[in-house]
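Q: Residue numbering for the sequence shown follows UniProt numbering, beginning at 1 and increasing consecutively. Yeah, the Cβ is synthetic: ideal placement off N, Cα and C, and Gly gets one too. Note that the coordinates shown come from a computational prediction; the quantities given were computed from them, not determined experimentally.
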Amino acid sequence: MRWDNQRVDEPGGPALLPMQNLVRTVRTPEFEGVTFHEVAAKTALNRVPQASNMPFKWTVNPTRGCLHQCRYCYSRKTHEYLDFNSGRDFDTQIVVKTNVAEVLRAEVAKPGWRREHVALGTNTDPYQRAEGRYRLMPGIITALAESGTPFSILTKGPLLKRDLPLLQEAAKSVPVSVAVSLAIMDTGLQQKVEPGTPDPRARLNLIKAITEAGLKCNVLAMPILPWLTDSAEHLDELHRELAQAGAGWVTTGALHLRPGAREWFMQWLKQEHPALVPRYRELYRGARGGFTTYACSEYKKWLGQQAASARRRHGFLDRAETTWRGRSSPDESTDEQQPQLVPLDIPSGPAQPSLF
């Protein structure tokens, strides 16, 4: 395990794994089948590699691994850096940085800190169910706001409602951006593809609660699954429901099949929709015949056109104000008025130098 720079002198309990920075390992009846590895983090801020071309330089990840269990999650590969596997371990072996708020507060108090934008929800969901147990986010939000550091949150978790008063207060002193991830309206499909996530209605209610609290809430409708959620009917239903919930903007994107996620998603696809496997292999066929991460440009252009039409039908062109900026992706949308919402922090190249 890569824990050498996270040592604690006196572990708080017996370890089930030989992690040198482990404070204790916890299993509880409320989280059946899940193991929490509580660690003492030496750093909270992660510098984003320049090669990633992200519109922000810093992230904070309170945990590693995610109870949402999304089959397609691009972050799965990062669990292998901890000597876990990117499948079942990613879903059940959750590393929790129990002191992350205290460490962050010290880091942003340093004279050299430039108060640059910090993104939350890039490699793990900060409001997954584990947050209900550990309550790390209130301290993180407070540390960022009190230091004058702007920040953004991306989540699938309605638990964010708990912290709306904190976010309202933070927004008085620093720019605060909130986005909800919702791309599947079919509850049956959603529970198979994202078995640990709240259902679509719960996330729509979250969007409504955020907007009623006076905060803008944008939506990442990603990933759109070819032949499963890319029909005109599904995209229309999705955008209609998001408009009714008060979403500020919707950014769509096709499924990315990165190594680490690809194997698990394709295994699920073979079990649930075997007839689609050859079509996915063709859609994601690389120049040398193997898999590539991205769908072909023709498909992405087609999907962008479908999504742009759905946005127009449901009035999103009238709601285009946003402070989030991101990379342009011309083949993802044909809508020139589309603001560039901060995309997911997809790792490219080497892992982030500081995992904790």
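Does the distance from the C-beta atom of N21 to that of A40 stay below 7 Å?
A: Walking along the sequence shown from the start, residue 21 turns up at place 21. Walking along the sequence shown from the start, residue 40 turns up at place 40. Yes, the Cβ-Cβ distance between N21 and A40 is below 7 Å.
Q: At 3 residues or longer, what runs of the beta strand (DSSP E) sit wholly inside the stretch 61–129?
A: 93–97 and 118–120
Q: Where do the N-terminal and C-terminal ends of the beta strand (DSSP E) with N53 fall, by residue?
A: One-based indexing of the sequence shown puts residue 53 at position 53. Looking at the DSSP string, N53 is not in any beta strand (DSSP E), and its letter there is neither H nor E.
Q: Would you mind sorting V277 into buried or exposed? The rule is 16 or more other CB atoms within 10 Å of its CB.
A: As a first step, residue 277 is located in the sequence shown; it is residue number 277 there, counting from the start. With a threshold of 16 other beta carbon atoms within 10 Å, V277 falls short and is exposed.
Q: State the Cα-Cα distance for the pair P138 and D163, rounded to the nearest angstrom.
A: Here residue 138 is taken as the residue at index 138 of the sequence shown, counted from 1. Here residue 163 is taken as the residue at index 163 of the sequence shown, counted from 1. Using only the alpha carbons, I get a separation of about 7 Å.
Q: Which residue from A106, T251, C73 and G289 puts its Cα closest to that of C217?
A: Within the sequence shown, numbered from 1, the residue matching residue 217 stands at position 217. Measuring from the Cα of C217, the nearest candidate turns out to be T251.
Q: I need the straight-line Cα distance from L159 to R88, nearest angstrom please.
A: If you number the sequence shown from 1, residue 159 lands on position 159. If you number the sequence shown from 1, residue 88 lands on position 88. When rounded, the distance between both Cα atoms is 24 Å.
Q: Return helix, strand or coil for V39, following the three-state DSSP convention.
A: In the sequence shown, the residue the question calls residue 39 occupies position 39. Here V39 carries a strand assignment [DSSP, helix/strand/coil].
Q: Quick one: what does DSSP say A275 is sitting in, helix, strand or coil?
A: Counting from 1 along the sequence shown, the entry for residue 275 is found at position 275. Helix, per DSSP.
Q: Can you find the residues in the same chain that come closer than 6 Å, C-beta to C-beta, to S147, ignoring five residues on each side of it along the sequence?
A: Working through the sequence shown from its first residue, we reach residue 147 at position 147. Hits under 6 Å: V108.
Q: Unbroken alpha helix (DSSP H) runs of length 4 or more, entirely within the stretch 241–276: which are they?
A: 262–272
Q: So V96 packs on A130, CB below 8 Å; how close in whole Å?
A: Here residue 96 refers to the residue found at position 96 when the sequence shown is read from its first residue. Here residue 130 refers to the residue found at position 130 when the sequence shown is read from its first residue. Going by Cβ atoms, the distance from V96 to A130 rounds to 7 Å, so yes, they are a contact pair.
Q: Confirm, please, whether the CB-CB distance from P126 to P150 is below 7 Å.
A: Here residue 150 corresponds to residue number 150 of the sequence shown, with the count starting at 1. Here residue 126 corresponds to residue number 126 of the sequence shown, with the count starting at 1. No, they are not a contact pair.
Q: For the alpha helix (DSSP H) holding T187, just list the boundary residues, first then last.
A: Reading the sequence shown from its first residue, position 187 is the one you call residue 187. Per DSSP, T187 belongs to the alpha helix (DSSP H) from T187 to V193.
Q: Pull up the distance between the alpha-carbon of R311 and that of I184, whole angstroms please.
A: Locating residue 311 in the sequence shown gives position 311, counting from the first residue. Locating residue 184 in the sequence shown gives position 184, counting from the first residue. Using only the alpha carbons, I get a separation of about 16 Å.
Q: Using CA coordinates, which residue listed in G33, L225, K42 and N53 is at the minimum distance from L67?
A: As a working mapping, residue 67 is identified with position 67 in the sequence shown. Nearest of G33, L225, K42 and N53 to L67, Cα basis: G33.
Q: Is it buried or exposed for T187, if we count other Cβ within 10 angstroms and need 16 for buried?
A: The count along the sequence shown starts at 1 and reaches residue 187 at position 187. Exposed.
Q: Could you check the C-alpha separation between residue 359 and F56 for me, to the nearest Å?
A: This structure gives no information on residue 359, because the portion of the chain shown stretches from 1 to 356.
Q: Does DSSP classify R325 as helix, strand or coil?
A: Here the question's residue 325 lines up with position 325 in the sequence shown. In this predicted model, R325 has a pLDDT of only 38, less than 50, meaning its place in the structure is not dependable; the value taken from the coordinates is given anyway. Looking at R325 - three-state DSSP - the assignment turns out to be coil, as it is neither helix nor strand.
Q: Given that a residue counts as buried once 16 or more other Cβ atoms are within 10 Å of its Cβ, and exposed if not, what is Q305?
A: Taking the first residue of the sequence shown as 1, we reach residue 305 at position 305. Flag for Q305 reads exposed.
Q: Among E241, I94 and C73, which one has its Cα closest to the Cα of D83?
A: In the sequence shown, residue 83 corresponds to position 83, counting from 1. Looking at the Cα atoms, I94 is the closest of the given residues.
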